[in-house]
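Taken in sequence, the protein lines are chains B and R. Numbering-wise (our numbering), the first sequence opens with residue 1 and increments by one. Numbering-wise (our numbering), the second sequence opens with residue 1001 and increments by one. Only one structure is covered here, and it is reproduced in the block below.
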Amino acid sequence: MHRTGELFGQYKTLEQQRETASLGMWIFLSTEVLFFGGLFMTYTLNRSTYPDIFSEASKTIRLSWGAINTVVLIASSLTMAMSVWASQAGRKKALIWFLVATLVLGTVFLGIKSIEYHDKYVEHHIPGWNFNFEPGADAATNAHTQLFFSLYFGMTGLHALHMIVGAGLLIWLIRESAKGRFTPEYNTPVENIGLYWHFVDIVWIFLFPLLYLIDRH
Amino acid sequence: MSEHHIVSPKLYLLIFGTLMVCTILTVFAAEVDLNQYFSGLNVIVALTIAVFKASLVVLFFMHGKYSPKRTQLVIIASVFWLAIMLFMTMSDYSTRLWR
Chain B
1 MHRTGELFGQ YKTLEQQRET ASLGMWIFLS TEVLFFGGLF MTYTLNRSTY
51 PDIFSEASKT IRLSWGAINT VVLIASSLTM AMSVWASQAG RKKALIWFLV
101 ATLVLGTVFL GIKSIEYHDK YVEHHIPGWN FNFEPGADAA TNAHTQLFFS
151 LYFGMTGLHA LHMIVGAGLL IWLIRESAKG RFTPEYNTPV ENIGLYWHFV
201 DIVWIFLFPL LYLIDRH
Chain R
1001 MSEHHIVSPK LYLLIFGTLM VCTILTVFAA EVDLNQYFSG LNVIVALTIA
1051 VFKASLVVLF FMHGKYSPKR TQLVIIASVF WLAIMLFMTM SDYSTRLWR
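Right, here's the structure in full:
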């Protein structure tokens, strides 16, 4: 059955079975491209319409947090890729440790995001929640900077939601790994959850320059 | 995963190192005013680096390079769709108002 990686159903070979599972995840990820793509489209249109506003508003989010988070998330992709390797090499302990490392790094990322969100709360930069861009800002400035912050929260929030789902998947993977379920013959869930995790990393790789690196000179 | 091409930890580390260098590069590039040379050069540089980083993740971490052609087709199709959406929508909006 598919829970053990044995050949079953309509598949002629194990390789076909594995490739199909992977293709299924990639097709899901292409729907995720549609999902995030809509927000990136909104961002593109609004930034090209209000370039100076976006520039101004972007300066109020701390570049250092964004940069640290980028390093943290890319490192988590490394540990995720290493956990796939460990499962392919039959190294159970290494597999568990790499998965745990990925989970820890993902949690660090979310922790830093909460710090950032808190900063925005304190500065009255959450749209719809006592929003005021800066003391003495007029209605037009507030209206336009809210565009940036709506996108900031919308895009990083959707991303964070995906991270939380990913964390849940990692917890499941860790538990199943501890039971010795994944072997060189069967490690499909590790591989495919890895694909999901890397995709979420790729979204951040674009979010970082678009939100944090507008006109930092 | 294609027929047992197991990517080595050494290659993963090399890719990670490259991604780190690119991240540092993009932060430094943002702090230089490139727009004085060519309007919008900063964002072009930033996005070029981002696309490069994303490609490394897709090719090596996600095993894109070692995947069957049909999987690679799905990957290219998603990017192509995104490109159409961005390009066509922006060309719609940017040709609307007569100033």
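Where is the CB? At the ideal position from N, CA and C, for every residue including glycine.
query, result
"Closest Cβ-Cβ distance between B/R181 and chain C: below 9 Å?", "In summary, chain C is missing from the structure at hand, where the protein chains are B and R."
"What is the DSSP secondary structure of R/Q1036, counted as helix, strand or coil?", "coil"
"Classify B/S64 as helix, strand or coil using the three-state DSSP reduction.", "helix"
"Taking the alpha helix (DSSP H) that B/N142 belongs to, which residues open and close that run?", "139 to 178"
"Under 7 Å between beta-carbons, which chain B residues line up against R/S1078? List them in chain order, please.", "S30, V33"
"Less than 9 Å between the beta carbons of R/V1027 and B/L207, yes or no?", "no"
"Counting only Cβ pairs nearer than 8 Å, list the residues of chain R close to B/I53.", "Neighbours of B/I53 on chain R: none; closest Cβ ~15 Å, over 8 Å."
"In this structure, does DSSP put B/P51 in helix, strand or coil?", "helix"
"By the criterion of Cβ-Cβ separation under 9 Å, what are the contact partners of R/F1016 in chain B?", "I74, A75, S77, L78, A81"
"Return yes when the Cβ of B/P209 is within less than 9 Å of the Cβ of B/S87, no when it is not.", "no"
"Quick one: Cα of B/L170 to Cα of B/W26, how far?", "18 Å"
"On the three-state DSSP scale, how would you describe R/S1002?", "Low per-residue confidence applies at R/S1002: pLDDT is 46, beneath 50, and the placement is therefore not dependable enough to give any value."
"Any contact between the segment 10 to 24 of chain B and the segment 135 to 142 of chain B? By contact I mean 3 or more CB pairs, one from each, below 8 Å.", "no"
"Quick one: grab the DSSP three-state call for B/E185.", "coil"
"Tell me the residue span of the alpha helix (DSSP H) that contains R/R1070.", "1069 to 1094"
"Comparing alpha-carbon positions, which option in B/G24, B/V71, B/T107, B/V165 lies nearest R/L1073?", "B/G24"
"May I have the straight-line CA-CA distance separating R/A1030 from B/R216, to the nearest angstrom?", "6 Å"
"For B/D119, report the span of its alpha helix (DSSP H) as first-last.", "92 to 122"
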